[in-house]
Amino acid sequence: MSAEPFCSVQESHLFSVHLLQLQSRILILTVCAAGIGGTFQYGYNISIINAPTSYIQVFMNKTWQERTGVPLEDNMILLLWSFTVSAYPLGGLAGAVVAGPMAIMLGRKMSLLVNNVFVIIAAVLSGFSQMAKSFEMIMVSRFFTGVNAGVSMNVQPMYLAESAPKKLRGAVALTSASFTALGLVLGQVVGLRELLGGEESWPFLLASNAVPALIQLMALPWFPESPRYLLIDRGDRESCSLVLAALQKLRGNSDLGAELEEMLAEQAAAKGQRAKKPWELFQNPAVRWQLVSIIVLSSAMQLCGNDSMYFYAAYVFQEAGIPQDKIPYVVIGTGSCELITSITCSMIIDYAGRRPLLLGGYIFMAGWAMVFMVALSQQTRISWMPYLSMACIFAYILSFGIGPAGVTGVLPTELFDQMSRPAAYMICGSLLWFNLFLVGTAFPFIVKSLGHFCYVPFLVVCVCTALYIGLFLPETKGKSFLEISEEFRKRNFKAQSHTALYKGPEEIKSTVL
174 MSAEPFCSVQ
184 ESHLFSVHLL
194 QLQSRILILT
204 VCAAGIGGTF
214 QYGYNISIIN
224 APTSYIQVFM
234 NKTWQERTGV
244 PLEDNMILLL
254 WSFTVSAYPL
264 GGLAGAVVAG
274 PMAIMLGRKM
284 SLLVNNVFVI
294 IAAVLSGFSQ
304 MAKSFEMIMV
314 SRFFTGVNAG
324 VSMNVQPMYL
334 AESAPKKLRG
344 AVALTSASFT
354 ALGLVLGQVV
364 GLRELLGGEE
374 SWPFLLASNA
384 VPALIQLMAL
394 PWFPESPRYL
404 LIDRGDRESC
414 SLVLAALQKL
424 RGNSDLGAEL
434 EEMLAEQAAA
444 KGQRAKKPWE
454 LFQNPAVRWQ
464 LVSIIVLSSA
474 MQLCGNDSMY
484 FYAAYVFQEA
494 GIPQDKIPYV
504 VIGTGSCELI
514 TSITCSMIID
524 YAGRRPLLLG
534 GYIFMAGWAM
544 VFMVALSQQT
554 RISWMPYLSM
564 ACIFAYILSF
574 GIGPAGVTGV
584 LPTELFDQMS
594 RPAAYMICGS
604 LLWFNLFLVG
614 TAFPFIVKSL
624 GHFCYVPFLV
634 VCVCTALYIG
644 LFLPETKGKS
654 FLEISEEFRK
664 RNFKAQSHTA
674 LYKGPEEIKS
684 TVL
């Protein structure tokens with residue numbers, strides 16, 4: 174038997190392995206380039222404001238006294254601080270509104286690049302605020318960081334999901350949540366007193382968000398635009414060559430026939446249509462259940478009480494006997510839990526599916542909410558209850574991270590077609606930021622009114638969301654965008670579903686897309 178065939182097979186295998194490594198490397202680098210200046214900034218800018226809170230409040234009082242000769246009263250300091258904190262979600266809401274038009278007009282990649290302008294402006298304002306003796310600059314800075322986060326939270330998942338191969342779509346899109354958690358943890362670390370969280374260095378801490386922005390501005394231009402945007406949205410001959418080049422970069426020299434055929438089918442279905450406006454989705458019965466699904470899940474993501482767990486963390490850790498100066502280090506553990514679970518979720522989402530992760534996450538959160546309320550109510554009576562409360566905080570955050578934190582951001586890409594997707598993300602983003610503002614404003618009053626049973630509203634949200642997922646949300650794992658559209662078409666037009674069978678892009682064009 175000749176050795177030549179064996180050698181050729183072996184060489185072919187080695188070439189395939191090398192090709193797979195090349196494809197994976199380029200796709201991973203694309204994800205990193207998009208994430209570092211994208212959703213990373215959302216988590217980072219949420220956490221870096223916590224460490225210098227007392228220093229900024231002292232700065233506000235000192236600045237006001239230098240201007241007027243009269244110090245601020247405590248309630249006025251709290252009011253100014255609430256304005257500073259509220260500027261972030263308000264900016265996020267504005268960013269979510271402009272993200273859709275930006276993604277349509279500029280493209281996904283260019284929108285992420287332009288978005289860095291907002292955070293660089295914010296870094297300059299906050300970095301020079303102490304020198305200029307202007308706490309108003311910090312407020313404006315927080316608004317601009319919010320705009321940046323609002324755009325990136327919408328555009329980055331869209332860009333990555335449209336760029337990923339179908340079998341990796343969930344995992345790649347879910348890296349947006351992983352970068353959010355990474356930003357949260359690094360913000361907590363950089364905010365330690367030994368680094369930039371000290372009394373003299375807090376302006377540098379607030380301005381440090383310029384570093385990820387500059388990294389993205391240098392890295393992302395080397396990577397391709399979303400292939401679906403190039404082919405379906407721009408749709409000219411030049412785009413066809415660009416989309417081939419983009420796919421070659423992301424996939425190597427693998428067979429692109431099936432994927433291009435799928436994209437061309439989407440292009441044919443969207444032919445002659447323009448990008449939808451958000452209000453047009455509410456008027457369109459063909460996307461009724463898709464819209465209800467993203468409204469329920471996007472609202473639940475903020476109304477489930479995960480962020481409020483961070484509010485309780487310091488108090489619970491103190492009751493558990495952890496020294497006050499060590500609590501910031503333990504709080505880093507809460508952010509690390511979310512990071513670990515989001516990475517785990519991205520590794521299993523394309524095997525486990527979307528529905529099981531979402532459903533399991535909300536069911537476990539409902540269970541831990543009940544245990545947490547019991548532990549809080551018995552904290553002063555039973556010596557080991559503070560440790561149970563502490564365990565509940567970590568378990569709640571783990572349950573949130575393994576499902577809702579990441580999967581929710583993937584769904585608008587999968588449930589909507591190319592023409593409706595930016596509008597769907599605008600709706601999701603607006604709800605996310607509005608509910609973040611709502612919970613941040615209302616939670617102190619909920620605690621005051623309900624005391625140890627303050628998690629009852631969040632428990633109700635988790636139970637209702639789990640019921641909705643179990644009864645109405647279909648699985649999207651491993652399905653093409655056209656297959657998902659057809660499944661929802663049957664739900665939206667039940668009366669026609671028993672007679673109208675799937676006949677390809679032309680039928681979808683007239684009913685869904």
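For reference, each letter of the sequence shown is one residue, going 174 to 686 in this note's numbering. C-beta: ideal position from N, C-alpha, C; glycine also.
With burial defined as no fewer than 16 other Cβ atoms inside 10 Å of the residue's Cβ, what is the status of ASP406: buried or exposed? ASP406 should be labelled buried.
Give the single residue among MET233, LEU266, GLU660 whose Cα lies nearest to the Cα of ILE250. Looking only at MET233, LEU266, GLU660, the smallest Cα-Cα distance to ILE250 is reached by MET233.
Taking a contact to mean a Cβ-Cβ separation below 7 Å, would you say SER692 touches ALA354 in this structure? For the chain, the structure presents residues 174 to 686; residue 692 sits outside this window and is missing.
Could you confirm whether any beta carbon from chain B is found closer than 7 Å to the beta carbon of GLU435? The question asks about chain B, but that chain is absent: this structure has only one protein chain.
Just to confirm before moving on: does the CB-CB distance between TYR483 and SER399 stay below 7 Å? Contact flag unset, no.
Between the C-alpha atoms of TYR641 and VAL320, what's the straight-line distance to the nearest angstrom? Separation of TYR641 and VAL320 (C-alpha to C-alpha, rounded to the nearest whole angstrom) is 31 Å.
Pairing CB atoms from the region 239-253 with CB atoms from the region 202-219, are three or more of them under 8 Å? In short, these stretches do not touch, since the Cβ pair count stays below three.
Contact defined as beta carbons within less than 8 Å: I believe THR318 pairs with ALA295. What is the distance between those atoms, to the nearest angstrom? Between THR318 and ALA295, the beta carbon gap of about 4 Å places them in contact (Cβ cut-off 8 Å).
Option in TYR524, GLU367, SER259, ALA337 with minimal Cα separation from VAL612: Comparing alpha carbon positions, the residue from TYR524, GLU367, SER259, ALA337 closest to VAL612 is SER259.
Counting C-beta neighbours from all protein chains within 10 Å, is the total for ILE505 16 or more, i.e. buried, or is it exposed? Burial is judged here by how many other beta carbons sit within 10 angstroms of a residue's own beta carbon; ILE505 has at least 16 and is buried.
Determine, using beta carbons only, whether SER220 and THR348 come nearer to each other than 7 Å. THR348 is positioned such that its CB atom lies no closer than 7 Å to that of SER220.
Hey, quick one: how far does the alpha helix (DSSP H) through ILE221 stretch, first residue to last? Run containing ILE221: none; DSSP gives neither H nor E here.
Under 8 Å by Cβ, that's how I've got LYS449 and ALA596 pegged, so tell me the actual separation to the nearest angstrom. For LYS449 against ALA596, the beta-carbon gap comes to about 5 Å, under 8 Å, which counts as contact.
Below 6 Å CB to CB, which residues in the same chain sit around TRP375 once its five sequence neighbours on both sides are set aside? Residues PRO225, TYR228 of the same chain have their beta carbon placed closer than 6 Å to that of TRP375, with the five preceding and five following residues left out of the count.
Using a 10 Å radius around the Cβ and a threshold of 16 neighbouring Cβ atoms, would you call SER471 buried or exposed? Taking all protein chains in view, the Cβ of SER471 is crowded by 16 or more other Cβ atoms within 10 Å, so the residue is classified as buried.
In angstroms with no decimal places, state the Cα-to-Cα distance between GLY371 and LEU604. One C-alpha to the other measures close to 35 Å.
From which residue to which residue does the alpha helix (DSSP H) around ASP590 run? Bounds of any alpha helix (DSSP H) do not take in ASP590, whose DSSP letter is neither H nor E.
Going by C-alpha distance, which of LEU359, LEU357, ASN288, PHE352 is nearest VAL324? When only C-alpha atoms are compared, the closest one is ASN288.
In this structure, does DSSP put PRO647 in helix, strand or coil? Here DSSP, grouped into helix, strand and coil, assigns PRO647 to coil.
Assigned secondary structure, GLU309 (DSSP; H/G/I helix, E/B strand, else coil): In the three-state reduction of the DSSP assignment, GLU309 falls in the helix class, which pools H, G and I.
MET275, buried or exposed, once every other Cβ within 10 Å from all chains shown has been counted against 16: With 16 or more Cβ atoms within 10 Å of its Cβ, MET275 is classed as buried.
Whether PRO585 touches GLY534 by CB criterion (7 Å): Taking 7 Å as the cut-off, the beta carbon of PRO585 is found no closer than this to the beta carbon of GLY534.
Burial state of TRP557 (16 or more Cβ within 10 Å): Exposed.
What residues in its chain sit with their C-beta under 7 Å from that of TRP254, if we drop five residues either side in the sequence? Apart from sequence neighbours up to five positions away, the residues of its chain that approach TRP254 with a beta-carbon distance below 7 Å are GLN230, ordered along the chain.
For the pair the region 579-594 and the region 652-662, tell me if three or more CB-CB distances fall below 8 Å. Contact holds: three or more Cβ-Cβ distances are below 8 Å.
I need the straight-line Cα distance from LEU531 to THR649, nearest angstrom please. Going by C-alpha positions, LEU531 is about 12 Å away from THR649.
Quick check on the DSSP output: what are the complete alpha helix (DSSP H) runs of length 4 or more inside the region 341-397, in order along the chain? Fully enclosed alpha helix (DSSP H) runs of no fewer than 4 residues occupy 342-363, 375-380, 383-392 of the region 341-397, in order along the chain.
Along the alpha helix (DSSP H) that carries ILE522, what are the first and last residues, could you check? Start and end: 500-525.
If you follow the alpha helix (DSSP H) that TRP557 is in, where does it begin and where does it stop? TRP557 -> no alpha helix (DSSP H), and no H or E assigned at all.
Could you give the distance in angstroms between the alpha-carbon of MET592 and the alpha-carbon of ILE536? One alpha carbon belongs to MET592, the other to ILE536, and they sit about 34 Å apart.
How long is the line joining the alpha carbons of THR581 and TYR560, rounded to whole angstroms? When rounded, the distance between both Cα atoms is 31 Å.
Among PHE616, ARG240, LEU286, which one has its Cα closest to the Cα of ALA383? Checked all of PHE616, ARG240, LEU286; the closest Cα to ALA383 is LEU286.
I think ALA206 touches ILE293, with their Cβ atoms under 8 Å apart; what is that distance to the nearest whole Å? Contact between ALA206 and ILE293 does not hold, since the beta-carbon distance rounds to 17 Å and is not under 8 Å.
DSSP three-state assignment for TYR483, whether helix, strand or coil: TYR483: helix per DSSP, three-state reduction.
Residue range of the unbroken alpha helix (DSSP H) whose run includes PHE654: Where PHE654 is concerned, the enclosing alpha helix (DSSP H) stretches over 654-665.
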